[in-house]
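Numbering of the sequence shown is given in the numbering used here, commencing with residue 211 and proceeding in unit increments. Even for Gly, the Cβ is constructed at its ideal location relative to N, Cα and C. The structure presented is a predicted model; accordingly, all values stated were derived computationally and were not measured. Data block below; observations after.
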Amino acid sequence: MTSGSRSLFATQNAPSARTIALSLLVESVKSEEGIDVLLDRALARCSFDRRERALTVEITYGVLRRLSTIDWRLEPVLEKPLPRLPVAVQMVLRLGAYQLLFLDRIPQSAAVNESVNLARAFTGTVGRDWSGFVNAVLRALLRHPARPWPSMDLDAAQGLALRYSVPGWLSRRWVERLGVGSAEMVCEGVSVAPPLTIRVNYLITTREALLETFA
């Protein structure tokens with residue numbers, strides 16, 4: 211477990227995928243190490259099964275991959291700007307929103323309830339209990355109609371940046387060089403998790419032995 215996870219969840223004996231993801235996202239704000247390094251270190255110290263490890267990876271990278279879109283969707287249901295909230299509260303809202311908006315296989319009730327539990331767990335580190343606030347915001351997100359995307363006719367680059375969480379300067383460059391249609395295809399491609407590819411090192415193993423390892 212990372213030092214960030216120990217400070218946020220000092221009383222938890224058995225961390226979950228969500229507690230580790232939250233601690234990593236909070237730690238990544240101030241750490242000079244990349245999230246991949248932080249994640250690998252945390253997973254090496256946790257006795258997670260394959261399913262829990264996969265969830266940890268998905269929600270950690272997912273929040274970062276779709277950060278702009280998540281923040282844009284949260285904006286209408288917040289009374290004050292997200293950056294004015296404690297970092298831990300920002301991240302638990304983003305984790306909950308990512309599950310609600312992008313992970314169909316996780317029941318909405320579970321996404322909300324687990325986020326509320328996360329907020330309750332780190333109460334001592336942020337000075338107050340934010341669980342009620344997190345519950346209200348995420349349930350408002352569920353009730354709130356999908357926010358209309360910015361008009362592609364008025365500013366295609368901005369529209370693509372918000373839809374696919376691509377930096378605005380990059381989406382603008384792609385629109386200028388490729389046209390809107392091709393630029394959107396590129397933006398969509400970079401916004402999804404890349405496929406996992408494994409190459410067999412025949413100097414130390416065989417394809418059959420490697421398949422047996424992952425069976």
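The Cβ atoms of Y374 and S341 do not sit closer than 7 Å to each other. Annotated as proximal: R228 and E324, with beta-carbon spacing under 7 Å. Rounded to whole angstroms, the gap between the alpha carbons of P293 and E242 is 20 Å. Burial check for G391: the Cβ neighbour count within 10 Å stays below 16, so the residue is exposed. Contact between A307 and R283 holds: their C-beta atoms lie close to 6 Å from each other, under 8 Å.
In the DSSP assignment, W282 falls within the unbroken alpha helix (DSSP H) covering 277-284.
Distances from the CA of G272 to each of G337, L232, D339 were compared; the closest alpha carbon is that of L232. Residue range 227-240 is occupied by the alpha helix (DSSP H) that includes K240.
Of the candidates N327, R255, F312, V376, V376 places its Cα closest to the Cα of G399.
DSSP places G378 inside the alpha helix (DSSP H), whose first and last residues are 378-388. Residue nearest to Q309 within the set G244, G369, L351 is L351 (criterion: CA-CA distance). L249 is positioned such that its CB atom lies closer than 7 Å to that of L234.
Beyond the five residues adjoining it in sequence on each side, L305 comes within less than 8 Å, by CB distance, of R228, A231, L232, L235, I269, V273, S325, L328 in the same chain, given in chain order. Excluding its 5 nearest sequence neighbours in each direction, P286 has C-beta neighbours in its own chain below 8 Å: H354, R357, listed in chain order. Taking 7 Å as the cut-off, the beta carbon of L303 is found no closer than this to the beta carbon of V239.
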